[in-house]
Amino acid sequence: MGLRRRGIFAAIVFIGLLLSLSSLRAVSAATVGRMGGSSSKGDDDHDHDSFVDDHEYSSTPRRNPFKEHCDRLSPHVSYVNSNCGGNSSHNSTSDDLLHPVAFIIIFIIIFAALAAILYYIHHQPKISILKIQVALSAIARDLPMELNDIASTTDTSRKNGWHTILEETILLLCGYPHHYYLYGSSSATLHEESKYMRRFRQLSKQEGDKCDGESLVNVNGHTMQKPVIPKAGKLDEDCILVTILVAVKGCHKLPAIKTANGVKRALRYLKKISKGETKALEVLWTPQDENDALPVQELREKYPHLTNLWGSW
């Protein structure tokens, strides 16, 4: 019995330690920082299909006086038609003339409908979602701290703040061309403006889920910061990954990237986007804290789509 009580007591103490540690809300490496903002216009995704009119589905059939009257007259109508044989040749001639006319009318209607659909597809508002990812060697260890400063001092409740984040991040990345290690980019154009925000948030969540947790956030004026548990044994082979997501009006496509200069060209392309065109922007960087680390092996496993600028892995 004594051993059993000791075991129960040890379990209670262990659970208490776990609860006390979780109350600190600390996150383990590799953490990610996120800053930016988005307009709320693309959030209005109404589900019109869920509406059902109860009056359309009635279990009791309704009387139709007009139909009942026609049913009573139907024998007389058929009798009159059977005694009108003298006009059969005239009706046949009229039918022969109506067939080609009806065909032409149907063709014109179909052609006009197709033309209207094509015009609508071509002229409806389009939103492009652009993504650039740049992995740098850990020699550029000042970069996370500089991004932290931008996130801590920028007002993300306004578009001016989003544009400041974009310009400052691009300026920082262009200052480390010799430390570029891996890159990745993608461009996608959505023909339904109402759907862009859903896709944008999906991409942002996909990138955030690859990390162990968000430790610094400043998005749409909402801020959050958590303490970071330092990772032991930081090495020079560790990396820093920066992801830029931009939703912009119109059709856009990032320049092809094959060299470090290609990375800079793609970044400058984003910098030319005006505030009025920007619909949403987010910058994510990992590790967020200077005491954190992103090992090369972890980068290879979680970001296999990134291309090495200096040859094979």
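Per mature numbering (1 follows the signal peptide of the UniProt record, and there is no 0), the sequence shown runs over residues -29 to -1, 1 to 284. By construction, the Cβ of each residue, glycine as well, lies at the ideal position given by its N, Cα and C atoms. Note that the structure is a prediction, hence the values are computed from the model and not measured.
Which listed residue (the options) has its alpha carbon closest to that of residue i
{"i": "R236", "options": "G247, S245 and K224", "result": "K224"}
{"i": "Y151", "options": "T135, S108, Y167 and D126", "result": "S108"}
{"i": "G146", "options": "L161, E117, S158 and K130", "result": "E117"}
{"i": "L277", "options": "I81, A83 and Q104", "result": "Q104"}
{"i": "R112", "options": "N279, D263 and L142", "result": "D263"}
{"i": "L216", "options": "A122, W133, L265 and L89", "result": "W133"}
{"i": "K229", "options": "P266, L161, I110 and W281", "result": "W281"}
{"i": "E185", "options": "P198, I88 and S156", "result": "P198"}
{"i": "G221", "options": "T125, K242, S99 and K250", "result": "S99"}
{"i": "L153", "options": "P71, E261, N232 and A1", "result": "N232"}
{"i": "R129", "options": "D120, K246 and P71", "result": "K246"}
{"i": "T275", "options": "Y167, A106 and P201", "result": "One point to set straight first is that residue 275 is Pro, not Thr, in the sequence displayed. Among Y167, A106 and P201, the Cα nearest to that of P275 belongs to A106."}
{"i": "K166", "options": "K250, P71 and M6", "result": "K250"}
{"i": "I211", "options": "A83, L114, L85 and I81", "result": "L114"}
{"i": "M6", "options": "D120, F82, A84 and Q177", "result": "D120"}
{"i": "residue 355", "options": "L89, N131, I81 and F82", "result": "In the structure displayed, the chain extends from -29 to 284; residue 355 sits before or after that span and is not available."}
{"i": "D183", "options": "M168, I200 and G192", "result": "I200"}
{"i": "P226", "options": "G155, M168 and N279", "result": "G155"}
{"i": "I110", "options": "K242, H149 and L85", "result": "H149"}
{"i": "S10", "options": "K242, M168, N279 and V234", "result": "M168"}
Whole-angstrom C-beta distance between residue j and residue i, which should lie under 8 angstroms
{"i": "residue 286", "j": "P96", "result": "Nothing about residue 286 can be read from this structure; the chain reaches only from -29 to 284."}
{"i": "S158", "j": "L101", "result": "5 angstroms"}
{"i": "V219", "j": "E248", "result": "5 angstroms"}
{"i": "L255", "j": "T214", "result": "4 angstroms"}
{"i": "T127", "j": "V190", "result": "6 angstroms"}
{"i": "A122", "j": "G4", "result": "6 angstroms"}
{"i": "L265", "j": "D209", "result": "6 angstroms"}
{"i": "D180", "j": "T2", "result": "Their Cβ separation, rounded to whole angstroms, is 13 angstroms, which puts D180 and T2 out of contact at 8 angstroms."}
{"i": "R170", "j": "L161", "result": "6 angstroms"}
{"i": "L187", "j": "Q196", "result": "5 angstroms"}
Residue i - containing alpha helix (DSSP H), residue span
{"i": "K130", "result": "K130 to C145"}
{"i": "A122", "result": "L114 to T124"}
Start-to-end residues for the beta strand (DSSP E) that takes in residue i
{"i": "K102", "result": "I98 to S108"}
{"i": "E164", "result": "It is not in any beta strand (DSSP E) - E164 carries neither H nor E in the DSSP assignment."}
{"i": "G7", "result": "T2 to S9"}
{"i": "N189", "result": "G184 to V190"}
Exercise for review: List in chain order: all unbroken alpha helix (DSSP H) runs of 4+ residues lying wholly within the region 195 to 273.
Suggested key: 231 to 242 and 267 to 273
Practice item. May I ask you to verify whether the region 268 to 275 touches the region 229 to 243, counting CB pairs closer than 8 angstroms and requiring at least 3? Key: No, the region 268 to 275 does not touch the region 229 to 243.
Review point. Is it a yes or a no for the region 130 to 147 touching the region 71 to 91, going by three-plus beta-carbon pairs under 8 angstroms?
Key: no
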